[in-house]
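Enquirer: Under our numbering, the sequence shown has 171 at position 96, and the numbering climbs by one with no breaks.
Cβ coordinates follow ideal geometry from the N, Cα and C atoms, glycine included.
All of these numbers come straight from a predicted model, not from anything done at the bench.
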Amino acid sequence: EPCHTLSEYAHNIDKYVSDNTKFVFLPGTHYLDTGFRVSNVSSLVLLGDNSSLPKLSSRVVCNSSAAMVAITGVSQLFISTLEVTSCGENVSVSIEEAEYFTLASFHLLNSKTLSIYNSTALLEDTNFTNNTGTGCGGSVRIEYSNVTITGTN
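(1) On the DSSP bridge assignment, give the partners of Thr-104 in chain order.
(2) Let's test the definition: count the other Cβ atoms within 10 Å of the Cβ of Ala-196 and tell me whether it reaches 16, buried, or not, exposed.
(3) Could you name the residues that DSSP lists as bridge partners for Lys-97?
(4) Under 6 Å Cβ to Cβ from Leu-81, same chain only, skipping five residues before and after it: list those, please.
(5) Specify, as a first and last residue, the run of the alpha helix (DSSP H) that Ala-85 falls within.
(6) Confirm the yes/no value for this check: CB of Ser-133, any heavy atom of the ligand FMN, distance under 7 Å.
(7) Rounding to the nearest angstrom, what Cα-Cα distance links Thr-201 and Leu-157 in this structure?
(8) How would you label Ile-217, buried or exposed, when you count the other beta carbons within 10 angstroms and need 16 or more for buried?
(9) Closest to Thr-207 by C-alpha separation, out of Thr-188, Gly-123, Val-120 and Phe-111, would be which residue?
(10) My output table needs one value for Met-143: the three-state DSSP class, helix, strand or coil.
(11) Is the distance from the Cβ of Phe-100 to the Cβ of Val-144 below 8 Å?
(12) Would you mind reading off the limits of the beta strand (DSSP E) that contains Ser-114?
(13) With Gln-151 and Ser-117 assumed to form a contact (beta carbons below 8 Å), what rounded beta-carbon distance in angstroms separates them?
Here it is, written out as structure tokens:
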């Protein structure tokens, strides 16, 4: 499969995402101009390529108020070595009905809310900086290690 822009994948999500989909973000900045919405797949991996320095060399920058990441009904979700910045008019990252998900070496910067609903999560080496807030609802279980939340309203 050839590489496309992140916005191309987001605009045609049903074409590119099915059960057991893995996105590898090459080092650099990836711009998102719309919602990246994935639902009802068994497994989804969003992985930044950390083969070069610095460790978080893959960055998703939202360049529209409509841009955000919404993941619903995914059994196994893994997001690692990725930075997401300046996303969302109301919600930046929303994870709902995830049977189990992991955020590892994940940074959410200068964005709106991270929302987690009816999900079980493991957060490792995760940083939330200068965001509007974090919300949880329904049945949520979170295990964590080395999580930093700074400058959040």
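Expert: Per the coordinate set shown:
(1) For this step, residue 104 is matched to residue 29 along the sequence shown. Secondary-structure assignment with DSSP links Thr-104 through a beta bridge to Arg-134.
(2) Working through the sequence shown from its first residue, we reach residue 196 at position 121. That one is buried.
(3) Here the question's residue 97 lines up with position 22 in the sequence shown. According to the DSSP secondary-structure assignment, Lys-97 is paired through a beta bridge with Val-120.
(4) Numbered from its first residue, the sequence shown carries residue 81 at position 6. Correct list, in chain order: His-105 and Leu-107.
(5) Start at 1 with the first residue of the sequence shown, and residue 85 comes out as number 10. 81–86 is the span of the alpha helix (DSSP H), which, as asked, contains Ala-85.
(6) As far as ligands go, the structure on display features none, and thus does not contain the ligand FMN.
(7) One-based indexing of the sequence shown puts residue 201 at position 126. One-based indexing of the sequence shown puts residue 157 at position 82. Roughly 10 Å between the two C-alpha positions.
(8) Numbered from its first residue, the sequence shown carries residue 217 at position 142. The Cβ neighbour count for Ile-217, taken over all protein chains shown within 10 Å, is under 16; the residue is labelled exposed.
(9) Position 132 of the sequence shown, counted from the first residue, corresponds to residue 207. Each of Thr-188, Gly-123, Val-120 and Phe-111 was checked against the Cα of Thr-207, and the nearest Cα belongs to Thr-188.
(10) Your numbering for residue 143 matches position 68 in the sequence shown. DSSP places Met-143 in strand when its eight states are reduced to three.
(11) In the sequence shown, counting from the first residue as 1, residue 100 sits at position 25. In the sequence shown, counting from the first residue as 1, residue 144 sits at position 69. No, the pair does not count as a contact, with Cβ atoms beyond the cut-off.
(12) Locating residue 114 in the sequence shown gives position 39, where the first residue counts as 1. First-last of the beta strand (DSSP E) with Ser-114: 110–114.
(13) One-based indexing of the sequence shown puts residue 151 at position 76. One-based indexing of the sequence shown puts residue 117 at position 42. That belief holds up - the Cβ atoms of Gln-151 and Ser-117 are roughly 7 Å apart, short of 8 Å.
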